[in-house]
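Per my numbering: the sequence shown ends with 86, consecutive numbering throughout.
Backbone N, C-alpha and C fix where the C-beta goes; we use that ideal spot for every residue, glycine too.
Have a look at the structure below, then the notes.
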Amino acid sequence: MWTEHDHALTCTFRFKDFKIAFCFMTDVAEEAEHQNHHPWWGNEYATVSFRLCTHSAGRVVTQKDHQLAAAIDQLAAAYKGEEVRG
């Protein structure tokens with residue numbers, strides 16, 4: 001579940017292994033290019049974390065962030081990623 005924290009949407013996903021996490025990130029990169037909206041993300045082995053905000057709107061959460069988050073959720077489900085809570 002995406003949560004809003006410090007003017008950004010945040011979420012972390014865990015995958016089976018690094019290779020699957022990297023394939024997921026590659027697909028997210030393609031989607032981000034398609035939407036022309038690029039996330040901050042971090043990766044450690046099979047875990048990928050996101051922080052979404054719209055810089056051009058003053059670094060706040062906008063509809064662009066919610067749209068990219070929805071696309072990321074779909075890709076995470078396709079790769080059988082699990083949300084990391086708390």
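| Proximal residues to Thr54 (C-beta, below 8 Å), its chain only, five neighbours per side dropped | Counting only Cβ-Cβ distances below 8 Å, and skipping sequence neighbours, we find His37, Val60, Val61, Thr62, Lys64 and Asp65.
| So which of His5, Arg14 and Ser49 has the shortest CA-CA distance to Gly81? | Out of His5, Arg14 and Ser49, the CA that lies nearest to the CA of Gly81 is found in Arg14.
| task | From the DSSP output, in three-state form, read off His34 for me. | result | Helix at His34.
| task | Assign Cys11 to one of three DSSP states: helix, strand, or coil. | result | DSSP places Cys11 in strand when its eight states are reduced to three.
| task | State the Cα-Cα distance for the pair Glu31 and Met25, rounded to the nearest angstrom. | result | One Cα belongs to Glu31, the other to Met25, and the distance between them is close to 10 Å.
| From what residue to what residue does the beta strand (DSSP E) around His5 run? | Per DSSP, His5 is one residue of the beta strand (DSSP E) stretching across Thr3 to His5.
| query | Could you give the distance in angstroms between the alpha-carbon of Asp17 and the alpha-carbon of His5? | reply | Using only the alpha carbons, I get a separation of about 27 Å.
| request: May I have the straight-line CA-CA distance separating Ala8 from Lys19, to the nearest angstrom? | output: Answer to the nearest angstrom: the Cα atoms are 27 Å apart.
| field | Backbone secondary structure at Val84 - three-state DSSP | value | Correct three-state label for Val84: coil.
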